[in-house]
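Working notes for the structure below.
Residue numbers (this note's numbering): 220 to 374.
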């Protein structure tokens, strides 16, 4: 339903169906998994070599490496990681030599700010700065007007 009807992009004019546990879009079958343990996803069987870990749960090298057990060759964490090397396109992607099996692509905020900050720093220098971000709420956050035991407006 959410692929077919989107409040931002409007109605998807193609065909969206489900066949068993697979998603079928315009006749193309897409494998779909709902596993709590990434090591049980058969990436090798699907031909997937690169996996984007975007659950927000498996953000360390050890946890994200579970995808490798299922047959993935490389894992890219779409969030900051405590221990995985971090690369941002336009900033330091040239430092990636291909040897790390698990890397982080930092955060969405970092990907928006870092390339611009790099250009400003390289051209003019940055002594210090302050950045503000406006971000959609995520699955673990509440909206300000939603029901909550905490008084968000009062502090």
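No residue lacks a Cβ here, since even glycine has one placed at the ideal position from N, Cα and C.
On a predicted model such as this, the values are computed, not experimentally measured, just so you know.
Integer-rounded CB distance, given that residue j should sit under 8 Å from residue i
i: residue 296; j: residue 303; result: 6 Å
i: residue 251; j: residue 240; result: 6 Å
i: residue 245; j: residue 233; result: 4 Å
i: residue 290; j: residue 263; result: 2 Å
i: residue 307; j: residue 283; result: About 18 Å separates the two Cβ atoms, so there is no contact after all.
Coil, strand or helix - residue i by DSSP
i: residue 230; result: strand
i: residue 287; result: helix
i: residue 382; result: Nothing in the structure corresponds to residue 382, since the chain is present only between 220 and 374.
i: residue 264; result: helix
i: residue 316; result: coil
i: residue 238; result: strand
i: residue 293; result: strand
i: residue 342; result: helix
i: residue 328; result: helix
Cβ shell of residue i (< 8 Å), same chain only, five flanking positions each side left out
i: residue 161; result: Residue 161 cannot be examined here, being either before or after the span of the chain that is shown, 220 to 374.
i: residue 339; result: 345
i: residue 243; result: 234, 235, 236, 237, 249
Own chain, CB closer than 6 Å to residue i, minus 5 neighbours either side, in chain order
i: residue 278; result: 296, 298, 300
i: residue 328; result: 352
Short Cβ contact (9 Å threshold) for residue i with residue j
i: residue 257; j: residue 223; result: no
i: residue 334; j: residue 310; result: yes
i: residue 322; j: residue 346; result: no
i: residue 266; j: residue 357; result: no
Chain-order list of residues whose beta-carbon lies under 7 Å from that of residue i (same chain, five-residue window excluded)
i: residue 332; result: 350
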